[in-house]
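Undergrad: Structure provided below as structure tokens; questions to follow.
There are 2 protein chains.
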Amino acid sequence: MNQIISNNLNPHVSVDCVIFGFDGEQLKLLIIERKPKDAVSALPGDLIKDNENLDEAACRVLYELTGLKDIYLKQLQAFGDPDRIKDLADVRWLRDVREEPLTRVITIAYYSLVNLAELAPRPASFAKEVRWELVKKVGKLGFDHNYIVDKALEQLRLNLKYDPLIGFELLPEKFTLRQLQKLYEAVLDQPIDKRNFRKKFLTAKIVVSLDEKEQNVPHKPAQYYRFDRKRYMRIKDRFWF
Amino acid sequence: MNQIISNNLNPHVSVDCVIFGFDGEQLKLLIIERKPKDAVSALPGDLIKDNENLDEAACRVLYELTGLKDIYLKQLQAFGDPDRIKDLADVRWLRDVREEPLTRVITIAYYSLVNLAELAPRPASFAKEVRWELVKKVGKLGFDHNYIVDKALEQLRLNLKYDPLIGFELLPEKFTLRQLQKLYEAVLDQPIDKRNFRKKFLTAKIVVSLDEKEQNVPHKPAQYYRFDRKRYMRIKDRFWF
DNA sequence: TTGCCTAAGTGTATCTTTTACACTAACTTT
DNA sequence: AAAGTTAGTGTAAAAGATACACTTAGGCAA
Chain A
1 MNQIISNNLN PHVSVDCVIF GFDGEQLKLL IIERKPKDAV SALPGDLIKD
51 NENLDEAACR VLYELTGLKD IYLKQLQAFG DPDRIKDLAD VRWLRDVREE
101 PLTRVITIAY YSLVNLAELA PRPASFAKEV RWELVKKVGK LGFDHNYIVD
151 KALEQLRLNL KYDPLIGFEL LPEKFTLRQL QKLYEAVLDQ PIDKRNFRKK
201 FLTAKIVVSL DEKEQNVPHK PAQYYRFDRK RYMRIKDRFW F
Chain B
1 MNQIISNNLN PHVSVDCVIF GFDGEQLKLL IIERKPKDAV SALPGDLIKD
51 NENLDEAACR VLYELTGLKD IYLKQLQAFG DPDRIKDLAD VRWLRDVREE
101 PLTRVITIAY YSLVNLAELA PRPASFAKEV RWELVKKVGK LGFDHNYIVD
151 KALEQLRLNL KYDPLIGFEL LPEKFTLRQL QKLYEAVLDQ PIDKRNFRKK
201 FLTAKIVVSL DEKEQNVPHK PAQYYRFDRK RYMRIKDRFW F
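For the protein sequence lines, the chains are A and B, in the order given.
Residues in the first sequence are numbered from 1 upward in steps of one, following the UniProt record's numbering.
Residues in the second sequence are numbered from 1 upward in steps of one, following the UniProt record's numbering.
In structure tokens, the structure reads:
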């Protein structure tokens with residue numbers, strides 16, 4: 001009996017995914033809309049299962065809730081205040097979806113940056129619950145999700161600066177330097193000098209130009225480049241945006 | 001009944017503390033020695049309690065196991081592979097200390113850097129189980145603790161570089177530049193040029209010299225300095241070691 | 001077919017930061 | 001008084017960061 005009680009007191013463990021999306025211009029955030037009424041939206045997240053590790057859980061939950069697949073998720077950190085859930089709307093929502101709605105939940109947050117232009121179109125069944133919201137316009141989210149998003153954005157910025165991989169993973173194989181710059185400007189939320197920006201990546205030689213240019217653009221066509229991963233791996237200790 | 005079974009499958013949540021200690025010369029790691037026989041040592045860690053948040057849990061566990069108090073712990077990340085525990089010795093040890101030794105455990109790791117010279121002497125009751133081991137000589141630890149230590153060290157180094165606070169919190173109010181440099185050398189595990197090191201901190205003006213020098217040292221006495229926290233807060237975005 | 005619009009692409013001078021490097025000074029101990 | 005130890009200091013060269021404006025290549029519309 002003791003055993004059972006102590007089990008009941010076990011916290012649940014969930015994962016929450018902070019998915020930033022870049023559409024070529026602006027930084028957006030993936031949110032799940034809850035039931036139409038009294039809806040506070042939330043990050044995609046759910047309890048983990050018994051035999052999956054945390055990374056797997058995050059991928060699965062993201063897939064189940066949004067249809068997104070093959071997204072590289074990075075762990076942010078754990079959030080575990082006993083009073084993470086205090087809002088009435090949150091409690092009501094939990095009652096609908098959880099077997100033990102009052103049990104404490106510790107969540108492990110993950111984040112990622114994805115390309116909105118390239119995403120496979122979502123199956124219609126998911127479509128109505130998922131929304132991309134401009135990061136700057138994200139309103140009140142459930143639980144402590146606003147706090148989590150703040151932390152994730154901070155981490156994303158740091159990450160992009162000291163390890164640009166997360167940026168190149170988002171861009172297509174061939175990209176223009178302008179696309180790259182727009183990405184940095186959107187994530188860091190600041191304008192960047194074009195010449196100095198190019199200089200940084202070109203002199204570091206982590207991008208190499210291809211024999212191909214943009215076509216059918218109503219202005220001078222831009223050169224395509226690719227990311228030189230090997231070169232980057234050799235110099236990554238010295239490269240810092 | 002379903003309820004109870006699903007409870008049983010709930011993972012447990014623990015915290016583990018990676019405590020680095022600096023003795024003025026070298027970087028050490030706090031480890032807990034398990035029972036004398038077939039002992040693999042481990043990081044101080046234990047299950048969290050119902051009504052404490054994660055940070056509190058880490059502090060409590062550290063105190064209970066080592067007597068260390070008022071240590072500023074930073075969260076590293078969560079580790080949650082279902083097969084974190086595979087070593088036989090680990091399983092045997094768990095059987096002795098846990099009610100449900102086979103339940104999966106997800107652990108949240110914390111890290112800190114403390115001053116070995118300043119630590120209040122440990123109560124004798126703790127003394128025999130706690131040991132400070134040179135980081136470079138740490139042997140095999142239980143569970144996935146070696147992996148956790150590696151991650152923590154990586155994070156500590158990054159942290160010390162982009163936010164020197166963790167270093168100044170360790171040093172006494174007044175310190176010499178040599179002490180500060182030794183700290184950096186020990187943590188980063190590389191020699192640093194004395195003149196350039198001083199220049200960096202002095203021109204940034206985040207340390208200010210006091211009217212006091214070392215006494216009774218068998219060499220030219222060094223100037224004492226203090227950390228200028230306010231100044232640092234103003235320029236922290238631009239300071240990077 | 002010309003002119004307009006748009007974004008691409010380029011160089012330099014200045015300033016700042018980083019690096020490498022060796023001797024003298026001040027104190028204690030013997 | 002000499003030996004041992006660590007403190008403390010400056011500079012020249014190289015590398016990196018910053019600020020900044022015009023020309024070019026294409027599509028489109030009049």
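Note that the Cβ used here is the ideal one computed from N, Cα and C, for glycine as well.
Keep in mind that this is a model prediction, so the values were computed, not measured.
What's the call for Gly21 of chain A, buried or exposed, on a 16-neighbour Cβ count within 10 Å?
TA: Gly21 of chain A comes out buried.
Undergrad: To the nearest angstrom, how far is the alpha carbon of Leu27 of chain A from that of Phe239 of chain B?
TA: Spanning the two alpha carbons is a distance of roughly 27 Å.
Undergrad: Within this structure, are the beta carbons of Gly80 of chain B and Leu54 of chain A separated by less than 8 Å?
TA: In this structure, Leu54 of chain A lies closer than 8 Å to Gly80 of chain B by Cβ.
Undergrad: Take Leu156 of chain A and list the residues in its own chain whose beta-carbon comes closer than 7 Å to its own, dropping the five residues that flank it on each side.
TA: Excluding sequence neighbours, Leu156 of chain A sits near Phe20, Tyr111, Leu113, Val187.
Undergrad: CB-CB under 8 Å to Met1 of chain A, same chain, minus the five flanking residues each way: which ones, in chain order?
TA: At Met1 of chain A, the pLDDT of 34 sits below 50, so the modelled position is not reliable; the number obtained from the coordinates is stated separately. Once the five neighbours on either side are set aside, Met1 of chain A has no close Cβ partner at all.
Undergrad: Quick check: what's the CA-CA separation for Ala58 of chain B versus Lys205 of chain A?
TA: Going by the C-alpha atoms only, they are around 44 Å apart.
Undergrad: Counting along the chain, where does the beta strand (DSSP E) carrying Gln223 of chain B start and finish?
TA: Start and end: 223-227.
Undergrad: So what does Phe175 of chain A bridge to, in DSSP terms?
TA: Paired residues: A:Tyr225.
Undergrad: Looking at chain B, which residues of the segment 204-232 of chain A have a Cβ within less than 8 Å of any of its Cβ atoms?
TA: So the list is empty, because no residue satisfies the distance condition.
Undergrad: So, does the CB of Arg157 of chain A fall closer than 8 Å to a CB anywhere in chain B?
TA: Judged by the 8 Å Cβ criterion, Arg157 of chain A is not in contact with chain B.
Undergrad: Comparing alpha-carbon positions, which option in B:Leu158, B:Val61, B:Pro172 lies nearest Leu119 of chain B?
TA: For Leu119 of chain B, the nearest C-alpha among the options comes from B:Pro172.
Undergrad: Going by beta carbon distance, what residues of the same chain come within less than 7 Å of Lys161 of chain B, once the five residues before and after it are set aside?
TA: Contacts found: Trp240, Phe241.
Undergrad: Run the CB neighbour count on Asn10 of chain B, radius 10 Å, all protein chains shown included, and call it buried at 16 or more, exposed below.
TA: Buried is the call here.
Undergrad: Less than 8 Å between the CB atoms is what I'm expecting for Asp16 of chain A and Ile148 of chain A, so what's the real figure, rounded?
TA: Sure, about 6 Å apart at Cβ, within 8 Å.
Undergrad: Under three-state DSSP, which class holds Ile31 of chain B?
TA: Correct three-state label for Ile31 of chain B: strand.
Undergrad: By the criterion of Cβ-Cβ separation under 7 Å, what are the contact partners of Pro11 of chain B in chain A?
TA: The answer, in chain order, is Val13.
Undergrad: Measuring only the C-alpha atoms, how far is Ile32 of chain A from Val13 of chain B?
TA: If you take the alpha carbons of Ile32 of chain A and Val13 of chain B, they lie about 27 Å apart.
Undergrad: For Asp193 of chain A and Thr176 of chain A, I'd like the C-alpha separation in whole angstroms.
TA: About 16 Å.
Undergrad: Where DSSP assigns a beta bridge to Arg231 of chain B, which residues make up the other side?
TA: None; Arg231 of chain B has no bridge partner.
Undergrad: Report yes or no: is there a C-beta of chain B within less than 8 Å of the C-beta of residue 249 of chain A?
TA: Because chain A in this structure spans residues 1 to 241, residue 249 of chain A falls outside the shown range and cannot be described.
Undergrad: Run through chain A and tell me which residues come within less than 9 Å of Pro82 of chain B, C-beta to C-beta.
TA: Those are Asp50, Asn51, Glu52, Asn53, listed as they occur along chain A.
Undergrad: Which bits of chain A does Arg104 of chain B rub up against, with CB to CB less than 8 Å?
TA: Result: Asp50.
Undergrad: Along the segment 88-114 of chain B, where does the CB come closer than 9 Å to a CB of chain A? Name the residues.
TA: Those residues of the segment 88-114 of chain B that come within reach of chain A (Cβ to Cβ, closer than 9 Å) are Glu99, Glu100, Thr103, Arg104, Ile106, Ile108.
Undergrad: What did DSSP end up calling His12 of chain A once you bin it into helix, strand or coil?
TA: Strand.
Undergrad: When you compare the CB positions of Ile48 of chain B and Ala78 of chain A, do they come within less than 8 Å of one another, or not?
TA: Cβ distance not < 8 Å, so Ile48 of chain B and Ala78 of chain A don't count as in contact.
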